[in-house]
Amino acid sequence: MAAPPARVLVVEDSAVVRTLLCRLIEQDPRLRLAGAVESAEEALAVLPRLKPDVISMDVHLPGMDGLVATREIMARQPTPIVIVSDAWSGGTAAKAGLTMEALRSGALTVIEKPRLSAIVAGDLARGFTTQLSIMSQVPVVRRRLAPPPSAVMGPTCALGGRPVRLLVMAASTGGPPAFERVLRALPADFPLPIVLVQHMGAPFLDGFASWLDGLVGLDVRLARPGDMPRPGLVLVAPGDGELRLGAGGVVRIDPVAPGARPGPCPSADLLFHSAVERFGASVMGVLLTGMGRDGA
Numbered sequence: 001m002a003a004p005p006a007r008v009l010v011v012e013d014s015a016v017v018r019t020l021l022c023r024l025i026e027q028d029p030r031l032r033l034a035g036a037v038e039s040a041e042e043a044l045a046v047l048p049r050l051k052p053d054v055i056s057m058d059v060h061l062p063g064m065d066g067l068v069a070t071r072e073i074m075a076r077q078p079t080p081i082v083i084v085s086d087a088w089s090g091g092t093a094a095k096a097g098l099t100m101e102a103l104r105s106g107a108l109t110v111i112e113k114p115r116l117s118a119i120v121a122g123d124l125a126r127g128f129t130t131q132l133s134i135m136s137q138v139p140v141v142r143r144r145l146a147p148p149p150s151a152v153m154g155p156t157c158a159l160g161g162r163p164v165r166l167l168v169m170a171a172s173t174g175g176p177p178a179f180e181r182v183l184r185a186l187p188a189d190f191p192l193p194i195v196l197v198q199h200m201g202a203p204f205l206d207g208f209a210s211w212l213d214g215l216v217g218l219d220v221r222l223a224r225p226g227d228m229p230r231p232g233l234v235l236v237a238p239g240d241g242e243l244r245l246g247a248g249g250v251v252r253i254d255p256v257a258p259g260a261r262p263g264p265c266p267s268a269d270l271l272f273h274s275a276v277e278r279f280g281a282s283v284m285g286v287l288l289t290g291m292g293r294d295g296a
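UniProt numbering applies: residue 1 is where the sequence shown begins, and numbers increase by one.
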């Protein structure tokens, strides 16, 4: 028996954008529009009655902003929240700060607000509704510090009797909380270098890395050309190029022209393939969540 459609509450102050988002939701059989309001105060008022499965939350709202509203909702009636932001407003630092604050506030992810041109093309529209559908299934619980590990791993790591020198990881929708849970459980002296791909809009990945860095025992930052993966460091693939591991395992980031190839950017496939080329059977790959076949 198919699961019932996820009930969505849209919080968006622009009447035009609100209408477009509602139309996208109504056209997706996985979703059902529970309600649409133009302010955070209205959202808090209708929340007990509507009991949505997931909330699409704008950031810039009249009165209470979307981040404050997210914190209020997570305190009163925890509900999966997707922050929807205009990726083209503000500088890189502002976008990084937004992502970090959104995730700290309790949102599950930050996505780019669909624009009319993208809605006509269909790509960003499908990504928006898919994010809502999958996030509606993520259990929302209060964060607790992970208990300390019962044993510390030794200086080497083996898999099936063979040594492992590198861990590569990838996630799409639902990735931020999944990465948090996995990386938080690793000790600060975890013996393997880690390189990861998270499908997220390029403007938000720096904030994602900063958010993770503040929560886990390992150092986490956005990868740069020439970086060398090392134990104790988690390198996050940037969204404005394709991260590959070159000679000696050195990070290489190749620019990608918009529309140059199908699939998400950054690509888990390209990272995984380059890791195998450089490390062979000594690399371990982990795919946490997915949307499509990237990394599979």
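Beta carbons: idealized from backbone N, C-alpha and C, even for Gly.
Given the structure is predicted, the values throughout are model-derived calculations rather than measurements.
Looking at the backbone, the Cα of Arg-18 and that of Leu-61 are separated by about 12 Å. Residue Val-236 holds the alpha-carbon nearest to the alpha-carbon of Leu-218 among Val-236, Gly-66 and Arg-224.
Of Met-228, Ser-267, Leu-31 and Arg-278, the smallest CA-CA separation from Phe-128 is found for Leu-31. In terms of CA proximity to Val-197, Leu-167 leads the group Leu-167, Asp-189, Gly-214 and Lys-51.
Inclusion of Leu-132 and Ser-56 in the CB contact set at 8 Å is warranted, their separation being smaller than that value.
Residue pairing for Leu-222: DSSP places it in a beta bridge opposite Val-236. Assignment of alpha helix (DSSP H) within the UniProt domain "Response regulatory" (7-128), counting only whole runs of 4 or more residues, yields 15-27, 40-50, 66-76, 92-105 and 116-121 in chain order. By the C-beta criterion, the region 201-211 is judged not to be in contact with the region 243-250, since fewer than 3 inter-stretch pairs fall below 8 Å. Thr-130 is positioned such that its CB atom lies no closer than 8 Å to that of Trp-211. In the structure shown, Gly-280 falls within a helical segment according to DSSP collapsed to helix, strand and coil. Arg-230 and Phe-190 have their C-alpha atoms some 10 Å from each other. Following the DSSP letters along the chain, one finds Arg-184 inside the alpha helix (DSSP H) bounded by residues 175-184. The beta carbons of Met-64 and Leu-108 sit about 20 Å from each other, so the pair does not count as a contact at 8 Å.
When secondary structure is reduced to three states using DSSP, Ala-3 falls in the coil class, being assigned neither helix nor strand. Excluding five sequence positions before and after Val-250, the CB atoms of its chain that fall closer than 8 Å to its own CB belong to Gly-226, Asp-227 and Met-228, given in chain order. In the DSSP assignment, Gln-198 forms a beta bridge with Ala-171. Taking all protein chains in view, the Cβ of Asp-28 is crowded by 16 or more other Cβ atoms within 10 Å, so the residue is classified as buried. Residue pairing from DSSP places Val-251 in a beta bridge opposite Leu-245.
The Cβ-Cβ distance between Glu-112 and Gly-174 does not fall below 8 Å.
Within the model, the alpha-carbon separation for Asp-13 versus Val-138 is close to 26 Å. Note on Ala-209: 16 or more other CB atoms within 10 angstroms of its CB, so buried under the neighbour-count rule. By the beta-carbon neighbour count (other beta carbons within 10 angstroms, threshold 16), His-273 is exposed. The beta carbons of Val-234 and Ile-194 sit closer together than 8 Å.
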